[in-house]
Every structure is written in C-alpha cells, then in structure tokens.
Amino acid sequence: MGTASNPKTARKANGKVALITGAAKRVGAAIAECLHTHGYSVLIHYNHSSTEARALVDKFNQIRPNSAHCLQADLNHMDQIPALAIAAQNHWGRLDLLVNNASAFYPTPLTESTQAQWDNLINSNLRAPYFLCSELSHTLSVNKGCIINMIDIHAQRGLPGHPIYSIAKAGLEMMTKSLAKELAPNVRVNGVSPGAILWPEVELSDDAKQAIVDKTLIGKLGQDSDLAEAVYYLANANYVTGQILAVDGGKSLYSH
Ligand SMILES: NC(=O)c1ccc[n+]([C@@H]2O[C@H](COP(=O)([O-])OP(=O)(O)OC[C@H]3O[C@@H](n4cnc5c(N)ncnc54)[C@H](OP(=O)(O)O)[C@@H]3O)[C@@H](O)[C@H]2O)c1
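Heads up, the sequence shown is in our numbering, so the first residue is 1 and it goes up one at a time.
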C-alpha cells in the first residue's frame, strides 16, 4: 500500500468524498470524472496504473484544487485492504461513497483453471469489495453514505468460458443484497451491472464483437459514461437500496 495519509494532517474536503477502486482508466476513470464533475472530491485507487492515476488526479486538481488524490493497493493482498481504508478515511477526514469497481477479468476454461486464477478472480471481484465494505462501514454510516458495486449481467447467467469470473460476480450480486440488509438504514448498497460497454483489454475479433452487439436491443455498444451516470443516479437515490441496475442496452432480455 502506498500514499497513506496521516490523520493529523487530514485536509478538509469541499463536499462529499468518493473512493473509486480501479479508477485510473476505463470505466473507473469515467465514474471518477462524473462524480468529480458533480462536486465530489475523489480518491482514485489504482494498482499498477500509477501514471494514468496521477494524470487523472492532476487533471481534476487543475479543475478544482485539492479535489483529487490517488491511493495504491493490490486488492489481492488482505493486509493492504485495511491500509487502503485508513488512508481513504484520513485523506479528507470523511467518506460518503465507495464504488467497488476494480476487477480482474480473463477466461478460465474449467479443465485448465488454476488455483492462482481462482484466487486472483475471486479476491479482486469479491473478497476485496467485501472487506473494504467491512472496513469502511462505520465511516460510511456516520455520513449516511452508500456503496455501489460494479457487477456484470453475466452474474445472472454465466459468461461462457469465464466460470470463475462469473462465480465471483454472482457473489458480488448477493453481497450487494446482503450488505444492504446488514448496513441498513444508514448505508445504502446497490449495484450496477454492465453489459458490453468497453471491450476487454484482451483482443476480440470483429466477428466476436459484432455477435455481442447483435444481442443488445439498442443495437450498439454502451459507453463508459452510461455506467458513470448510473452510478451517480444510485449515489443520489435516497430511497433505493439492495438493487442492481442493468446498463446493458437490453442485452439481459435477449432470448438466446
Ligand atoms: N468494460 C465492460 O464492458 C464491462 C462489462 C461488464 C462488467 N464490467 C465491470 O465494470 C467494472 C469496470 O470495468 P473495466 O472494463 O473498466 O475494468 P478493467 O479495466 O478490467 O479493470 C479495472 C481496474 O481494476 C484494477 N484491478 C484489477 N485487479 C486488481 C487488484 N488485484 N488490485 C487492485 N486493482 C485491481 C486494475 O487497476 P490497475 O490498472 O491500476 O492495475 C484495472 O485498471 C469492473 O468491475 C468490470 O467487471 C465491465
């Protein structure tokens, strides 16, 4: 874990504070940008993407000084989770919103799966969000805050060739509903389930991409801003908890 803040030097935030995991680039960065545009101070968590995280922080701080900060942690390491939670709470002395966005994603055909893949996919997509919620539940409760988990429509039906990832996201879906009960009434817990929004960093063929788009009702790929706006909606939806909002162009209704 890097860049832990000292509680004695905690700054004051102007307004609400959000911690977004895996936010240096792609969807996480779009969520951070949307929240920042709406006045949040943002804590950009990253693991390897330090250059992108620092560039994002600089960009946000140029728009509004002292409105962004980055924190490094490998969420596969249990001991780095409390350290991340402490650094997040201490940086501005408050926390209102946790977005569990960080995720490992790659295929694991059943007979070729390894224990290392199991640990990596389950830990980043499920164990880390659970223990981060646990570590931050008190501070979120003080501020009547909320938690938003980035799930996947395949949590419901399993993505072929990706059983471990699908199991992890199914767990994250149940975690969302379970923690909504555990943390009520002070902390709301919701999820956003993306369909096809940004292509994964591993290459897909044009035919494979078109086959995915063909299974949406809206007939096109979504945008990271569609997910960010869903997160912002849930962050403000004061009477909504334990819900999972699919942002998938209707893909989860497709019949085959
Ligand atoms: N993109 C889509 O169309 C889509 C579809 C369905 C669901 N989703 C979900 O939406 C969320 C965002 O999607 P995305 O495509 O933007 O995600 P992504 O690029 O695959 O991953 C986001 C970040 O997760 C971080 N991460 C992975 N393992 C980590 C670990 N062990 N410790 C700390 N950080 C770790 C990485 O940070 P570093 O780069 O700093 O290492 C990475 O940049 C994810 O939860 C994903 O499952 C996305």
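No residue lacks a Cβ here, since even glycine has one placed at the ideal position from N, Cα and C.
Which residues in the same chain have their Cβ closer than 7 angstroms to the Cβ of residue i, if we skip the five residues on either side of it in sequence?
i, result
"G161", "P107 and P109"
"S137", "L183 and V187"
"V202", "Y106"
"A259", "The structure shown does not extend to residue 259, since the chain spans only 1 to 256, so no value can be given for it."
Might you give, ordered along the chain, the residues of its own chain that have their beta carbon closer than 6 angstroms to the beta carbon of residue i, omitting 5 neighbours on each side?
i, result
"N101", "I20, T21, G22, G28 and M150"
"A68", "V42, V57, F60 and N61"
"A104", "N120, L121 and S124"
"A155", "K169, A170 and E173"
When burial is assigned at 16 or more other CB atoms within 10 Å of the CB, is residue i buried or exposed?
i, result
"K209", "exposed"
"W92", "buried"
"P7", "Residue placement at P7 is poorly supported in this model, since its pLDDT is 47, which falls under 50; the coordinates still yield a value, given next. By the 10 Å Cβ count, P7 comes out exposed."
"G15", "exposed"
"D207", "exposed"
Report all residues from its chain with a CB closer than 8 angstroms to the CB of residue i; omit the five preceding and five following residues, and keep chain order.
i, result
"A228", "V27, A30, I31, E33, C34 and L35"
"N47", "G22, Q72, A73, D74, L75 and A102"
"A237", "R188 and N190"
"V247", "V192, S193, P194, G195, I197, G222, D226, L227 and A230"
On the three-state DSSP scale, how would you describe residue i?
i, result
"R188", "strand"
"L97", "strand"
"L198", "coil"
"A102", "coil"
"A246", "strand"
"A18", "strand"
"A235", "helix"
"T241", "coil"
Unbroken stretches of the alpha helix (DSSP H), 4 residues or longer, contained in the region 24 to 87
List check, alpha helix (DSSP H) in window: 26 to 37 and 50 to 63.
Threshold first: 3 residues or longer. Then list the beta strand (DSSP E) segments lying entirely within the region 113 to 196, N to C. Listed in chain order, the complete beta strand (DSSP E) runs (minimum 3 residues) inside the region 113 to 196 are 146 to 150 and 188 to 194.
I'd like the ranges of any beta strand (DSSP E) spanning at least 3 consecutive residues and lying wholly in the region 205 to 233.
If we require 3 residues or more, the region 205 to 233 turns out to have no beta strand (DSSP E) run fully inside it.
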